[in-house]
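Peer 1: Have a look at this one.
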Ligand SMILES: Nc1ncnc2c1ncn2[C@@H]1O[C@H](COP(=O)(O)OP(=O)(O)OP(=O)(O)O)[C@@H](O)[C@H]1O
Ligand SMILES: [Mg+2]
């Protein structure tokens, strides 16, 4: 078997405070190239912390991170600033709250992904090379946003369209890994499926390893090829879809409702 693209060992993340919170507790997992993993669990189980630890975003919250994370063989937690920028440039991160710049065009919002390897935003956003502009158009078409809309301001898009722009932007990074934190939580069920299908298509057709946090069990079961369940910061469930018992999986991951 190929080497894992992501290797997490004994990862513990603690948010400091008067009462520190252990958001992840000794988590270990390997993710192999091309996998489509859904991380499931109730609110507060540590899903966002896990994704945010992988590219060291959790540090922005002054979290204490212990353990080991290797991305494509690189030691994430001990990476220099330059190495970290390189690692982040290869990881597309998609948030629940779309993260588009409303006053900029759809096209420019997408082109920003091509700057991931540079690490800064040019002040002159009109200065992208033509081949990147062409790639941005193609990426937008790929996520179902047709040409005439590429020059609209992002503010004019619906939530589902903004999320598609987020995906197109991450494609411009040529990522090896896509991390999506509750990308469809703000969308209606139909649009949520449209967006999940885009992740699925990109994973299947381009082989980009994908990890998606979801709280909805229906979407989790429908799209996950491997499902990891978190509870109180620990992995309590980790199975390929072929080994999952449809009857009991909701209870296995979420537990029974406490009356
Ligand atoms: N910046 C922070 N500072 C302090 N505690 C935090 C911070 N972020 C998260 N936590 C705590 O860490 C735990 C895990 O939170 P996390 O956001 O990772 O869970 P989650 O599974 O993503 O939840 P949700 O489904 O609500 O998004 C929770 O107890 C939460 O309150
Ligand atoms: Mg979360």
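Residue numbers (this note's numbering): 745 to 1003.
Think of the CB as a built atom: it goes at the ideal place given N, C-alpha and C, for glycine as much as any other residue.
Computed from a predicted model, the values in this text were never measured in an experiment.
1. Quick check: the Cα distance between residue 956 and residue 828, rounded to an integer number of angstroms?
2. Taking 8 Å as the limit between beta carbons, can you name the residues of its chain near residue 972, skipping five residues before and five after?
3. Where do the N-terminal and C-terminal ends of the beta strand (DSSP E) with residue 799 fall, by residue?
4. Give me the pocket residues for ligand 2, defined as CB within less than 7 Å of any heavy atom, sorted by chain position.
5. Would the beta-carbon of residue 758 fall within 8 Å of that of residue 807?
6. Within 10 angstroms of the Cβ of residue 875, are there 16 or more other Cβ atoms? Answer buried if so, exposed if not.
7. Which of the three DSSP states, helix, strand or coil, is assigned to residue 846?
8. Identify whether residue 962 lies in helix, strand or coil by the three-state DSSP scheme.
9. Given residue 765, which residues of its chain have a CB within under 8 Å of its CB, disregarding the five upstream and five downstream residues?
10. At a threshold of 7 Å, does residue 805 count as lining ligand 1 (C-beta to nearest heavy atom)?
11. Excluding five sequence neighbours on each side, which residues of the same chain lie with their C-beta closer than 7 Å to the C-beta of residue 883?
12. The beta strand (DSSP E) spanning residue 983 covers which residue range?
13. Judging by CA-CA distance, which residue of 835, 896 and 970 is the nearest neighbour of residue 919?
14. Mapping DSSP to helix, strand and coil, what is residue 994?
15. Below 8 Å on the Cβ atoms is my guess for residue 812 versus residue 754; work out the distance and round it to an integer in Å.
16. In chain order, what are the residue ranges of uninterrupted alpha helix (DSSP H) at least 4 long that sit wholly in the segment 809 to 861?
17. Any heavy atom of ligand 1 within a distance shorter than 7 Å of the CB on residue 759?
18. Hey, could you find the ends of the beta strand (DSSP E) residue 924 is sitting in?
19. Given 8 Å as the limit, is there contact between the segment 830 to 845 and the segment 925 to 945, that is, 3 or more CB pairs closer than that?
20. On the DSSP letters alone, give me the boundaries of the beta strand (DSSP E) that residue 768 sits inside.
21. Given a cut-off of 8 Å on the beta-carbon distance, is the pair residue 831 and residue 799 in contact?
22. Based on the DSSP secondary-structure assignment, which residues constitute the bridge partners of residue 780?
23. Would you list the residues sitting across from residue 999 in a DSSP beta bridge?
Peer 2: Judging by the given coordinates:
1. By 1-based counting over the chain shown, the position of residue 956 is 212. By 1-based counting over the chain shown, the position of residue 828 is 84. Straight-line Cα distance between these residues: approximately 22 Å.
2. Here the question's residue 972 lines up with position 228 in the chain shown. Excluding the 5 residues flanking it on each side, residue 972 has same chain C-beta neighbours closer than 8 Å at 773, 781, 782, 783, 784, 979, 981 and 982, in chain order.
3. For the purposes of this step, residue 799 is taken as the residue at position 55 of the chain shown. Element bounds for residue 799: n/a, residue is neither H nor E.
4. With the cut-off at 7 Å, the residues found are 791, 792, 925, 926 and 957.
5. As a working note, residue 758 is residue 14 in the chain shown. As a working note, residue 807 is residue 63 in the chain shown. Between residue 758 and residue 807, the C-beta gap is smaller than 8 Å, which places the two residues in contact.
6. Here residue 875 is taken as the residue at index 131 of the chain shown, counted from 1. Residue 875 should be labelled exposed.
7. Residue numbering aside, residue 846 sits at position 102 when the chain shown is read from its first letter. In the structure shown, residue 846 adopts coil according to DSSP, grouped into three states.
8. In the chain shown, the residue the question calls residue 962 occupies position 218. Helix, per DSSP.
9. Position 21 of the chain shown, counting from 1, holds the residue named residue 765. 758 and 759, listed in sequence order.
10. Taking the chain shown and counting its residues from 1, one reaches residue 805 at position 61. For residue 805, the Cβ falls inside the 7 Å cut-off from some heavy atom of ligand 1.
11. What you label residue 883 is simply residue 139 of the chain shown in a count that begins at 1. If you ignore the 5 residues before and after residue 883, its C-beta comes within less than 7 Å of the C-beta of 854, 912, 915 and 916, all in its own chain and listed in chain order.
12. Taking the first residue of the chain shown as position 1, residue 983 is located at position 239. Annotation for residue 983: the continuous beta strand (DSSP E) segment containing it runs 978 to 984.
13. Within the chain shown, residue 919 is the residue found at index 175, counting from 1. From the listed residues 835, 896 and 970, the smallest Cα separation to residue 919 is found for 835.
14. Counted from its first residue, the chain shown places residue 994 at position 250. Assigned with DSSP and collapsed to three states, residue 994 falls in helix.
15. Position 68 of the chain shown, counted from the start, is the residue given in the question as residue 812. Position 10 of the chain shown, counted from the start, is the residue given in the question as residue 754. Confirmed, Cβ separation roughly 7 Å.
16. With a minimum length of 4 residues, the unbroken runs of alpha helix (DSSP H) contained wholly in the segment 809 to 861 fall at 825 to 833 and 850 to 855.
17. Numbered from 1 along the chain shown, position 15 holds the residue referred to as residue 759. With a cut-off of 7 Å, the C-beta of residue 759 is classified as near ligand 1, since at least one heavy atom of the ligand falls inside that distance.
18. Working through the chain shown from its first residue, we reach residue 924 at position 180. For residue 924, the enclosing beta strand (DSSP E) covers residues 921 to 925.
19. Enough Cβ pairs lie closer than 8 Å, so yes.
20. Taking the first residue of the chain shown as position 1, residue 768 is located at position 24. From DSSP, the beta strand (DSSP E) with residue 768 extends over 765 to 775.
21. The residue you call residue 831 lines up with position 87 of the chain shown. The residue you call residue 799 lines up with position 55 of the chain shown. Going by C-beta atoms, residue 831 is nearer than 8 Å to residue 799.
22. Indexing the chain shown from 1 puts residue 780 at position 36. In DSSP, residue 780 forms a bridge with 954.
23. Position 255 of the chain shown, counting from 1, holds the residue named residue 999. Per DSSP, none; premise fails for residue 999.
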